[in-house]
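Below is one structure, written out as structure tokens; comments come after it.
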Amino acid sequence: MTEPTVISGSIKAVTFYELIKGIGAVITALALWAWHNDVSLWIESANHAWVQHFGTLFSTQVEALTRVAHKASENWTLFLLLILGYASLRFIEAYGLWTDKTWAYWFSVLGYGIFLPAEVYYLFARPFDWLKLATLLLNVLVVVVVYKQMRRKGLI
2 MTEPTVISGS
12 IKAVTFYELI
22 KGIGAVITAL
32 ALWAWHNDVS
42 LWIESANHAW
52 VQHFGTLFST
62 QVEALTRVAH
72 KASENWTLFL
82 LLILGYASLR
92 FIEAYGLWTD
102 KTWAYWFSVL
112 GYGIFLPAEV
122 YYLFARPFDW
132 LKLATLLLNV
142 LVVVVVYKQM
152 RRKGLI
């Protein structure tokens with residue numbers, strides 16, 4: 002009989018992070034499905050509310066989201082499928098990490114690690130952005146946490 006595996010707290014944190022990203026993606030997909038006909042009106046209302054409450058804080062990100070939202074409304078079925086596919090990957094990864102599957106560790110470390118060079122490039126190639134820095138640091142943290150767990154388990 003095999004003993005149940007004990008998952009470290011840091012891997013649990015990565016699992017919850019993946020769940021949050023998956024849930025966020027599903028909510029985004031539902032919003033796109035519900036409002037794909039009225040996305041311009043919705044974006045204008047959201048931008049107005051944002052500026053009223055937060056001013057120009059994250060204005061670069063808000064502008065980028067606006068452009069993506071307009072594109073998404075034009076090809077909403079494609080974007081809906083892409084978002085749901087992304088959410089599925091996040092849920093699969095969370096399940097694999099929670100159940101201590103070897104493939105999930107590899108999936109996680111490679112999935113995050115592959116984007117690190119691009120994130121570093123965009124951090125320095127474009128105007129500085131705190132959100133890009135936070136994303137880079139969080140992704141580095143996930144890679145380090147998962148890599149250390151892989152070393153402990155003898156996978157590397």
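If you want the working numbering, it's the position in the sequence shown, counting the first as 1, plus 1. By construction, the Cβ of each residue, glycine as well, lies at the ideal position given by its N, Cα and C atoms.
T16 classed as buried or exposed, judged by whether at least 16 other C-beta atoms fall within 10 angstroms: In the sequence shown, counting from the first residue as 1, residue 16 sits at position 15. So T16 counts as buried.
I44, DSSP secondary structure in three states: Your numbering for residue 44 matches position 43 in the sequence shown. In the structure shown, I44 sits in a helix (DSSP, three-state: H, G or I).
Under 8 Å between C-beta atoms of W99 and L33: As a working note, residue 99 is residue 98 in the sequence shown. As a working note, residue 33 is residue 32 in the sequence shown. For W99 and L33, no; Cβs fall outside 8 Å.
Candidates F129, G97, E64: closest to I8 by CA position: As a first step, residue 8 must be located in the sequence shown, where it is residue number 7. Taking only the C-alpha atoms, the option nearest I8 is G97.
Where L156 sits in the DSSP three-state scheme: On the sequence shown, position 155 is the one that residue 156 refers to. Correct three-state label for L156: coil.
Meets three-Cβ-pair contact criterion under 8 Å: the stretch 137-153 and the stretch 113-124: yes
Environment of V52 [buried if 16+ CB atoms lie within 10 Å]: For the purposes of this step, residue 52 is taken as residue 51 along the sequence shown, with counting starting at 1. The residue is exposed, with fewer than 16 neighbouring Cβ atoms inside 10 Å.
T1 - DSSP class collapsed to helix/strand/coil: No answer is possible for residue 1: the residues shown for the chain start at 2 and end at 157.
Alpha helix (DSSP H) runs contained entirely in the stretch 69-140, provided each spans 4 or more residues: 77-99, 103-114, 117-126
R91 and A26 closer than 8 Å at C-beta: Sequence index remark: in the sequence shown, residue 91 carries index 90 (1-based). Sequence index remark: in the sequence shown, residue 26 carries index 25 (1-based). Yes, these two residues count as a Cβ contact at 8 Å.
Inter-stretch contact (C-beta, 8 Å, three-pair minimum) for the stretch 33-48 and the stretch 63-75: yes
Buried versus exposed, by CB contacts within 10 Å (16 or more), S109: Sequence index remark: in the sequence shown, residue 109 carries index 108 (1-based). Buried, because 16 or more other Cβ atoms sit within 10 Å of the Cβ of S109.
Where I24 falls, given that 16 or more other Cβ within 10 Å makes a residue buried: On the sequence shown, position 23 is the one that residue 24 refers to. Exposed, because fewer than 16 other Cβ atoms sit within 10 Å of the Cβ of I24.
Beta-carbon proximity of Y113 to V143, cut-off 8 Å: As a first step, residue 113 must be located in the sequence shown, where it is residue number 112. As a first step, residue 143 must be located in the sequence shown, where it is residue number 142. For Y113 and V143, yes; Cβs fall inside 8 Å.
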